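Position one of the sequence shown corresponds to residue 10 (this note's numbering), numbered consecutively onward.
Don't be surprised by glycine CBs; every beta carbon is placed ideally from N, CA and C.
Please read all numbers here as calculations on a predicted model, not as lab measurements.
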Amino acid sequence: MIEDAPKPYRHRLVAPDLPSPAEYLPLLEECHQSGLYSNFGPLARRLEARLLAAFGAPEQSCVTCSNATSGLSAALLATGRTGPVLLPAFTFPASLGAVRAAGMSPIVADVDPNSWTLSGDRL
10 MIEDAPKPYR
20 HRLVAPDLPS
30 PAEYLPLLEE
40 CHQSGLYSNF
50 GPLARRLEAR
60 LLAAFGAPEQ
70 SCVTCSNATS
80 GLSAALLATG
90 RTGPVLLPAF
100 TFPASLGAVR
110 AAGMSPIVAD
120 VDPNSWTLSG
130 DRL
């Protein structure tokens with residue numbers, strides 16, 4: 010319990026708002042029955058269908074990914090481009106990996122101190 014935590018840690022900054030375990034169990038059972046817990050599983054397919062409907066997107070234009078790095082790599086591959094990609098110096102390290110996985114070359118640059126935007130002038 011949070012009351013048992015040392016004094017500096019008794020106040021939560023972020024408290025998750027999660028459904029009860031009883032609400033999770035039917036979903037977990039559905040995944041267990043299908044044998045697919047993530048990619049191509051029933052919940053992933055339902056999420057994709059809901060996203061397609063919400064955005065009015067055409068069939069096959071929504072693909073869920075296991076993480077943001079693989080999603081970024083897939084998006085970059087879908088552009089069909091090659092060559093350099095400009096990234097901010099203060100970025101998540103996996104962003105560079107995603108660029109490289111897509112066959113592109115990451116170039117790290119700092120933002121302009123006045124506009125706080127990324128610019129090729131800062132190379």
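Burial state of residue i (16 or more Cβ within 10 Å)
{"i": "L85", "result": "buried"}
{"i": "A111", "result": "buried"}
{"i": "S43", "result": "exposed"}
{"i": "A107", "result": "buried"}
{"i": "S82", "result": "buried"}
{"i": "V23", "result": "exposed"}
CA-to-CA distance, residue j to residue i, given in whole angstroms
{"i": "L45", "j": "A58", "result": "17 angstroms"}
{"i": "T126", "j": "V120", "result": "5 angstroms"}
{"i": "P15", "j": "L27", "result": "25 angstroms"}
{"i": "C40", "j": "A62", "result": "22 angstroms"}
{"i": "D13", "j": "R21", "result": "13 angstroms"}
{"i": "P115", "j": "G89", "result": "16 angstroms"}
{"i": "L37", "j": "D130", "result": "51 angstroms"}
Beta bridge counterpart(s) of residue i as assigned by DSSP
{"i": "P93", "result": "S114"}
{"i": "V72", "result": "BP columns for V72 are empty, so no partner."}
### Given 8 angstroms, three or more beta-carbon pairs between the region 71-81 and the region 93-109
yes
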